[in-house]
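Only one structure is covered here, and it is reproduced in the block below.
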Amino acid sequence: MSAWRSITSVLLRNLIGFAAISLVIILITFLPLAIKVTPHATTPDLMTTNWSFYFKSVGSFLVNLTHGDFGELRIKMNWIRGFMTPELNKQILSFVAGMASRSASILMSAVALGTLSGILLGAVQFFVPTWARKLIGGFNHVIFSMPDLLLILLLSLGVVKFNQLLGKYLIGVADFGENKIFALPMLSLLIPVSALVYRYTVNACYEAYSQECVRTARAKGLPEHHVFRKYVMRPALDSILAVLPKVVAFAASSLVIVERFLNIQGVTWWFQARANIPELTKLLATILMCLAAFVVVVNLIASLLRLWVNPALRK
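Numbering-wise, the working numbering comes out as the position in the sequence shown, counting from 1, plus 6.
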């Protein structure tokens, strides 16, 4: 009964958290609609506010969400001749959905592979020679302290040299026309995520090694791999799962830099375009809510896994 109560509590917390995050996203995303800046050549720019239009737009979006309308384009725009047709509306929504799905695929792949590789490297270092342990730790320190832009630049140069050695364009370095890349942006996110998870894993394992149960198990003559798996890695996984949502948020923030630097038209295109049209703002809010939902789902999975890893949380 306590296990079901714990699962229900986790589900309710994540549901309430997603609702709160979504509300904050909507309020922030619609802020440009309340502020209008009129530029002047000789005098300071004039800034005016229209809060009634802001709250009206927010309320309209919340009502539309209850009807399944996530931001359709139905108005006449300055950059489109004529009224929005259903066909053009469908094309634009399809384009936006493609951008969101592409960013999500890059982000999810990087988080999944980066987390697994970080945990694996953190666990392996306790069974390798000292020189290999220092090598892994030193390489991790370099990656961890390296700015995102520098890492992307070095990876791009490495990809260019790799293509030159092969004599053909195997791995792309940027988006150009129909040439869509995946490996480079995914690696640009995977490596920092792996370095971060590696540090969490190593620190959690060292903390677990200091527990009395580990010394007792060693005194009983249990094999080292059995001690590590049952008394070290299991509690360490609890600590890793606790910070996994922060790792996802870290990767999502880095996604903005990666897509901008590699010319990828993902969800960050809306930020770069500075959309201030109500319908475009609705689409932006919807996309950000989808990203928030991804983070919440990861947090939900991590919380449920923690209930399985740590029996004390089920009480």
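For each residue, glycine too, the CB sits at the ideal point set by N, CA and C.
**Message:** Between phenylalanine 168 and chain D, is the shortest Cβ-Cβ distance under 8 Å, so that the two count as touching?
**Reply:** Judged by its chain identifiers, the structure shown contains no chain D, having just a single protein chain.
**Asked** Does the beta-carbon of alanine 308 have 16 or more other beta-carbons within 10 angstroms, so that it is buried, or is it exposed?
**Response** Residue environment: alanine 308 is assigned as buried (16 or more neighbouring CB atoms within 10 Å of its CB, all protein chains considered).
**Message:** So if DSSP puts threonine 54 in a beta bridge, which residue, or which two residues, is it bridged to?
**Reply:** Lys42, per the DSSP bridge assignment.
**Request:** Let me know the secondary structure DSSP gives phenylalanine 182 once reduced to three states.
**Result:** The answer is strand: DSSP assigns phenylalanine 182 an E or B state.
**Prompt:** For the alpha helix (DSSP H) that glycine 144 lies in, which residues bound it at each end?
**Reply:** It spans 136 to 150 - the alpha helix (DSSP H) in which glycine 144 sits, taken as one unbroken run.
**Message:** My parser needs the alpha helix (DSSP H) runs of 4 or more residues fully inside the segment 231 to 269; what are they?
**Reply:** Here the runs fully enclosed are 240 to 267.
**Request:** May I ask you to check if the CB of glycine 65 is nearer than 7 Å to at least one heavy atom of the ligand ZN?
**Result:** Among the components modelled here there is no ligand, and therefore nothing to report on the ligand ZN.
**Prompt:** Ordered along the chain, which non-local residues of its own chain (more than five positions away) have a Cβ less than 6 Å from that of aspartate 244?
**Reply:** Counting only Cβ-Cβ distances below 6 Å, and skipping sequence neighbours, we find Arg312, Val315 and Asn316.
**Request:** Would you tell me roughly how many angstroms separate the C-alpha atoms of lysine 174 and leucine 261, rounded to the nearest one?
**Result:** C-alpha of lysine 174 to C-alpha of leucine 261: approximately 28 Å in a straight line.
**Prompt:** Since leucine 306 and asparagine 20 are thought to touch, with beta carbons under 8 Å apart, how far apart are those beta carbons, to the nearest angstrom?
**Reply:** Under the criterion of beta carbons closer than 8 Å, leucine 306 and asparagine 20 qualify as touching, at roughly 5 Å.
**Prompt:** Between which two residues does the alpha helix (DSSP H) containing asparagine 169 stretch?
**Reply:** 154 to 172 is the span of the alpha helix (DSSP H), which, as asked, contains asparagine 169.
**Request:** Return the CA-CA distance between alanine 242 and aspartate 181, expressed in angstroms with no decimal places.
**Result:** If I take the Cα positions, the gap works out to 40 Å.
**Under 8 Å between C-beta atoms of methionine 295 and serine 63** = Not in contact: methionine 295 and serine 63 (Cβ atoms no closer than 8 Å).
**Asked** How is the alpha helix (DSSP H) around serine 200 delimited, first residue to last?
**Response** Taken as a continuous stretch (DSSP letters only), the alpha helix (DSSP H) holding serine 200 covers 189 to 215.
**Request:** Measure the Cβ-Cβ separation of threonine 121 and valine 199 and say whether it is below 8 Å.
**Result:** In this structure, threonine 121 places its C-beta atom within 8 Å of the C-beta atom of valine 199.
**Request:** Could you pull the start and end residues of the alpha helix (DSSP H) that alanine 225 belongs to?
**Result:** Per DSSP, alanine 225 belongs to the alpha helix (DSSP H) from 218 to 225.
**Prompt:** Going by beta carbon distance, what residues of the same chain come within less than 6 Å of phenylalanine 24, once the five residues before and after it are set aside?
**Reply:** These residues qualify, in order along the chain: Val302.
**Nearest-angstrom Cα separation, counted from arginine 224 out to serine 111** = Note on geometry: alpha-carbon atoms of serine 111 and arginine 224 lie some 44 Å from one another.
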